[in-house]
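Undergrad:
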Amino acid sequence: MAASEFDTGSGPPPLAVRGLAKAFGRPAVDGLDLTVHRGELYALLGPNGAGKTTTLRMVTGLLKPDAGAIRVFGIDALANPREAKRRIAWVPDEPLLYDKLTPLEYLEFVASLWEVAPATARARAEELLTALGLWEQRGDRCETFSRGMKQKTVLAGALIHDPPLLILDEPLTGLDAGAARLVKDMIEARTAVGNTVILTTHILEVAERLADRIGIIAHGRLLAEGTFAELRERAGEGQATLEDVFLQLVSDPEAV
Amino acid sequence: MGRSPLLLLLRNELRVTWRTLESGRRGRVRTRRRRVPMPVLILVLLLVIAVLAGVPAARALAGREIALSPPFVVLSAVALAAIFPLMLSQTLVAAVDGLYARGDLDLLLSSPVPPRQVLIVRALGMAVTAGTLFFLILVPFLIPMALWGHPELLSGFLIAIGMALLAAAVGLALAMLLFRVIGPRRTRTIAQVVGAFIGAAFVLGANLPNILGSDRAESLWSSLARRFIEGDTVTYPHIVEWPARAIVGHPLPLLGFLLLAVVVFAAVTWVIGGRFAEDSAAASGADTGRRRRRATGSGSFGANAFRAMIRKELRLLARDPGLLSHVLLRVLYLLPLAFIVLRNASDDQDLAVTMGAGALAFLSSQLAGSLAWITVSAEDAPALLAAAPMPAGQVWRAKLAASMIPLAAILVVPLIALVVLAPWAGIVAALGCAAASLSSGMLHIWLQKPGNRRDFQRRNSGALGLTLIDLAVGAVWALTTGLAAAGQLWFLLAAAAALVILWFARRPENAILERIGVG
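Chains as they are written, first to last, in the numbering used here: chain A, 1 to 256; chain B, 1001 to 1519.
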């Protein structure tokens, strides 16, 4: 798939977050600053309850922040959410879709929401379903699908409008090894043509292998950010894997 | 195993059934602590009903002999004939759900407990579920009556138990019959539809004269009432007396009925028990079966998001016959009313037409509320819609439009007929139906609470405010319609009242988004 129609060249970054805050009784996200560059695969890591999903839900317009600013390709996502949403696709960790629709119908429906021309939508749907191994099941209702198949359908739905910024929350949950490999290849292919991907994952090897930059978040704050090599350097000698670095940073943030 | 497995299973089944009744959702454990325990609430409610209605009725009956008069005999038979289909519709759906949906079946059937015992316990659980409501309704009446000199009426409890057993057995047999005849894949859907029709069977049956047409358009109820008031001699076969005799505790009919219920229950569970394990295995296999649809749907949603949303909602509605049958059940109740209104309109009977127009407006508001709940509150993928570049207001307007389309399709024929037969009443009824339906739809947008389509029948639990306001607005629009149809200017006041309620119920978009967890 070629670079998106929203290709902004070297323009504003796909995502710039400043002073983002959200509290549910206690702070879930606490003054977060984050910038993700064009063509980058950015992995947001953190322990359970660190504020990863809350951050991403605010970026995608699903949750209103208490404070802060979000810019998507330079567009103020809080003032002009519709324009920001046109450039984003969001894949939640729970694959919620319409059980009574077929995957082909689901993709066509999602394409309609993003106002993709029917002919283009159909061609992309075929391409995506084929790539994800679901073309044979295009006429089956989603209610008959396994969790992995649903996850792949939702991913295809996110890609149907060729978003320049793809946000994935735990995209590999429930996928078998083959499907996980397929998804990882698709993610890499998107960034290779200049699109941007942000993902959260608990599988640290995935972040280590795929991510251009990694942000580590805990208690709603960004503890550290950089390439894997930079993080390893910052965490000190002897930290061989991202898992080592992650555990060290999360357990001892003052050391960063 | 120290204790009898049957008793162990029964205890577990009753516990699960109780928690289901308590939480309004099968198997869900309530985590929020109630201030007042459910049994205490039920007891208080029963006491209030007993004091307000049961005791006065018992005192009125005290010292009198309960004669087997024709009205009592006929009403007893009719009441039992009305209650049984309601119980049966419950047990049929429960029987099918029990086969497909209960996650513990695999555990139970993989245990050393014989499948027949599992089935017996499951059937008893169904009987308890179906019979509890009717049993509880009887308590505040029959106990005071027993205390005030009519202990024989306690046999009403035995009749409720017998009917519940009978309904469980027949429901189970019907479910298995459907399973055998149409196969595991379609049984669930068909059973839901059949259950809905059985539930409405009595209402439809009683109104057959209205629907089929006769010289005097009366329901069974009005026909009986008129004949009793006019002193007609009502003749009936001797067997019709048996329900009344059983109710007043005559031993032979009472024991005969109980014996029949127990024998039918035992026979059904014995015959079906042997096949239960294999049928439930087939059901669980069928649930994951593939259902192929037409795979050529290029551009079927178009590139317009608003229209795509409407099409999506209509498609989802059309593909859920079980859900649709529950919604359309209200239309079945509406049918006799429509016939009454149309017949009386053709006979130029003003009062009936006026009242009928108001009732049509009320029922259309209820139907609109059901459809709007499905399209607005029971959204399967709320995160997708929230992330889409479509303003929330536009999404809701599309969903409201989608909920109005089936309603309009249902109402258009009777309303056109009414306009032809009684133009003023017809136009007023059409306007009243439109106002009532739109109001109900908007209330479901303003006061929406995310839910799941599977919880359609329990949608009102936890949304008491919406339910009450919806009922109130529907009733006020019905009054408005009736008054306008009668040419009374008071309709303006009623309409203003409806608008005032709507004004106060109105919520801004941000507040709605916050309420449903977006924003």
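Glycine residues also receive a C-beta, built at the ideal position from the N, C-alpha and C atoms.
#1: For A/L269, list the residues DSSP reports as bridge partners.
#2: Compute the beta-carbon to beta-carbon distance between A/P171 and A/N195, rounded to the nearest angstrom, for a pair I have assumed lies under 8 Å.
#3: With DSSP as the reference, please indicate the residues paired to A/A43 in a beta bridge.
#4: For B/V1248, write down the residues that DSSP places opposite it in a beta bridge.
#5: Going by DSSP, which residues form a beta bridge with A/D30?
#6: Using a Cβ-Cβ cutoff of 7 Å, what residues of the stretch 1076 to 1103 of chain B are near chain A? List them in chain order.
#7: Below 8 Å, can you find three or more Cβ-Cβ pairs linking the stretch 1494 to 1507 of chain B to the stretch 1471 to 1478 of chain B?
#8: Can you tell me whether B/R1025 is helix, strand or coil according to DSSP?
#9: When DSSP labels each residue in this structure, what does A/A224 get in the three-state scheme?
#10: Any C-beta of chain B within less than 8 Å: which residues of the stretch 100 to 125 of chain A qualify?
#11: Measure the alpha-carbon distance for A/E143 versus A/Y98 and round it to whole angstroms.
#12: For a cutoff of 9 Å on Cβ pairs, would you count A/P92 as touching chain B?
#13: Would A/R86 count as contacting chain B if we go by Cβ distances under 9 Å?
#14: Which residue comes first and which comes last in the beta strand (DSSP E) that contains A/G68?
#15: Does any CB atom of chain A fall closer than 9 Å to the CB of B/K1312?
#16: Would you call A/T130 buried or exposed, if buried means 16 or more other Cβ atoms sit within 10 Å of its Cβ?
#17: Interface residues of chain B around A/R82 at Cβ under 8 Å?
#18: Please list, in chain order, all residues of the same chain as B/I1310 whose beta carbon is under 7 Å from its beta carbon, the five residues on each side excluded.
#19: Could you tell me the distance, in whole angstroms, from the CA atom of B/F1301 to the CA atom of B/A1463?
#20: Count the C-beta pairs between the stretch 63 to 77 of chain A and the stretch 100 to 115 of chain A that are closer than 8 Å, then say yes if the count reaches three, no if not.
#21: Please classify A/V17: is it buried, with 16 or more other beta-carbons within 10 angstroms of its beta-carbon, or exposed?
#22: Label A/G49 either buried or exposed according to how many other C-beta atoms from any shown protein chain fall within 10 Å of its C-beta, with 16 as the threshold for buried.
#23: Please report the straight-line C-alpha distance between A/Y106 and A/K100, rounded to a whole angstrom.
#24: Are there three or more Cβ pairs, one per stretch, closer than 8 Å when the stretch 1180 to 1196 of chain B is compared with the stretch 1156 to 1169 of chain B?
#25: Could one say the Cβ of B/S1365 lies closer than 9 Å to chain A's Cβ atoms, at least one of them?
#26: Verify the CB distance criterion: does B/G1027 have a CB-CB separation below 9 Å to chain A?
#27: Am I right that B/G1274 and B/R1116 are in contact with their C-beta atoms under 8 Å? What's the rounded C-beta distance?
#28: Whose C-alpha, out of B/G1393, B/W1503, B/I1066, B/L1178, is nearest the C-alpha of B/A1246?
#29: Mind reading off the beta-carbon distance from B/M1442 to B/L1502? Whole number of angstroms is fine, and I expect it under 8 Å.
#30: To the nearest angstrom, report how far apart A/L34 and B/L1384 are at their CA atoms.
#31: Could you give the distance in angstroms between the alpha-carbon of B/G1482 and the alpha-carbon of B/A1372?
#32: Which residues, in order along the stretch 1369 to 1387 of chain B, keep a beta-carbon less than 8 Å from a beta-carbon of chain A?
#33: Nearest-angstrom Cα distance between B/R1026 and B/V1016?
#34: Going by beta-carbon coordinates alone, are B/G1432 and B/A1505 separated by less than 9 Å?
#35: In angstroms, rounded to a whole number, what distance separates the CA positions of A/L166 and A/T191?
#36: Please tell me whether B/L1513 has its Cβ less than 9 Å away from any Cβ of chain A.
TA: So, from the data block:
#1: Shown here, chain A extends from 1 to 256; a query on residue 269 of chain A therefore has no answer.
#2: Start at 1 with the first residue of the first sequence, and residue 171 of chain A comes out as number 171. Start at 1 with the first residue of the first sequence, and residue 195 of chain A comes out as number 195. Actually they do not touch by this definition, with Cβ atoms about 15 Å apart.
#3: Within the first sequence, numbered from 1, the residue matching residue 43 of chain A stands at position 43. Answer is A/L199, A/I214.
#4: Within the second sequence, numbered from 1, the residue matching residue 1248 of chain B stands at position 248. B/V1248 pairs with nothing; no bridge assigned.
#5: Taking the first sequence and counting its residues from 1, the one referred to as residue 30 of chain A is at position 30. According to DSSP, which records beta bridges pairwise, A/D30 is partnered with A/A21.
#6: none
#7: yes
#8: The residue labelled residue 1025 of chain B in the question sits at position 25 within the second sequence. The pLDDT assigned to B/R1025 is 44, lower than 50, so where the model puts this residue is not dependable; a value taken from the coordinates is nonetheless given after this. Reduced to three states, the DSSP call for B/R1025 is coil.
#9: Position 224 of the first sequence, counted from the start, is the residue given in the question as residue 224 of chain A. Looking at A/A224 - three-state DSSP - the assignment turns out to be strand.
#10: K100, L101, T102, L104, E105, E108, F109, V110, A111, S112, L113, W114, E115, V116, A117, P118, A119, A121, R122
#11: Position 143 of the first sequence, counted from the first residue, corresponds to residue 143 of chain A. Position 98 of the first sequence, counted from the first residue, corresponds to residue 98 of chain A. Distance between the alpha carbons of A/E143 and A/Y98 is about 8 Å.
#12: Residue numbering aside, residue 92 of chain A sits at position 92 when the first sequence is read from its first letter. So, interface residue.
#13: In the first sequence, residue 86 of chain A corresponds to position 86, counting from 1. It does: the Cβ of A/R86 has a partner Cβ on chain B nearer than 9 Å.
#14: On the first sequence, position 68 is the one that residue 68 of chain A refers to. From DSSP, the beta strand (DSSP E) with A/G68 extends over 67 to 72.
#15: Along the second sequence, one-based indexing puts residue 1312 of chain B at 312. Cβ-Cβ to chain A under 9 Å: yes for B/K1312.
#16: The residue labelled residue 130 of chain A in the question sits at position 130 within the first sequence. Looking at its Cβ environment, which holds fewer than 16 other Cβ atoms inside 10 Å, A/T130 is exposed.
#17: Within the first sequence, numbered from 1, the residue matching residue 82 of chain A stands at position 82. The contacting residues are P1389, M1390, P1391.
#18: Here residue 1310 of chain B refers to the residue found at position 310 of the second sequence. Excluding residues within five positions, the ones whose Cβ falls inside 7 Å are A1398, A1401, A1402.
#19: As a first step, residue 1301 of chain B must be located in the second sequence, where it is residue number 301. As a first step, residue 1463 of chain B must be located in the second sequence, where it is residue number 463. Approximately 33 Å, taken between the alpha carbons.
#20: no
#21: The residue given as residue 17 of chain A occupies position 17 in the first sequence. When all chains shown are included, A/V17 counts as buried.
#22: Residue 49 of chain A sits at position 49 when you count from the first residue of the first sequence. With fewer than 16 Cβ atoms within 10 Å of its Cβ, A/G49 is classed as exposed.
#23: Translated into the one-based positions of the first sequence, residue 106 of chain A becomes position 106. Translated into the one-based positions of the first sequence, residue 100 of chain A becomes position 100. Looking at the two C-alpha atoms, the distance is approximately 9 Å.
#24: no
#25: On the second sequence, residue 1365 of chain B is found 365 positions in, with the first residue counted as 1. So, not an interface residue.
#26: To locate residue 1027 of chain B, count along the second sequence from 1; it is residue 27. For B/G1027, the predicted model reports a pLDDT of 39, less than 50, meaning its position is unreliable; a value from the coordinates is still stated below. Closer than 9 Å: no.
#27: Walking along the second sequence from the start, residue 1274 of chain B turns up at place 274. Walking along the second sequence from the start, residue 1116 of chain B turns up at place 116. 7 Å between Cβ atoms; contact.
#28: Counting from 1 along the second sequence, the entry for residue 1246 of chain B is found at position 246. Taking only the C-alpha atoms, the option nearest B/A1246 is B/I1066.
#29: The residue you call residue 1442 of chain B lines up with position 442 of the second sequence. The residue you call residue 1502 of chain B lines up with position 502 of the second sequence. Going by Cβ atoms, the distance from B/M1442 to B/L1502 rounds to 7 Å, so yes, they are a contact pair.
#30: Position 34 of the first sequence, counted from the start, is the residue given in the question as residue 34 of chain A. Position 384 of the second sequence, counted from the start, is the residue given in the question as residue 1384 of chain B. Approximately 24 Å between the Cα atoms of the pair.
#31: Within the second sequence, the letter at position 482 stands for residue 1482 of chain B. Within the second sequence, the letter at position 372 stands for residue 1372 of chain B. B/G1482 and B/A1372: Cα-Cα distance of roughly 24 Å.
#32: D1380, A1381, P1382, A1383, L1384, L1385, A1386, A1387
#33: Taking the second sequence and counting its residues from 1, one reaches residue 1026 of chain B at position 26. Taking the second sequence and counting its residues from 1, one reaches residue 1016 of chain B at position 16. Caution applies to B/R1026, whose pLDDT of 40 falls short of 50 and renders its modelled position unreliable; the model cannot decide the point.
#34: Here residue 1432 of chain B corresponds to residue number 432 of the second sequence, with the count starting at 1. Here residue 1505 of chain B corresponds to residue number 505 of the second sequence, with the count starting at 1. Cβ distance not < 9 Å, so B/G1432 and B/A1505 don't count as in contact.
#35: What you label residue 166 of chain A is simply residue 166 of the first sequence in a count that begins at 1. What you label residue 191 of chain A is simply residue 191 of the first sequence in a count that begins at 1. A/L166 and A/T191: Cα-Cα distance of roughly 10 Å.
#36: Within the second sequence, numbered from 1, the residue matching residue 1513 of chain B stands at position 513. Yes, because at least one Cβ of chain A sits closer than 9 Å to the Cβ of B/L1513.
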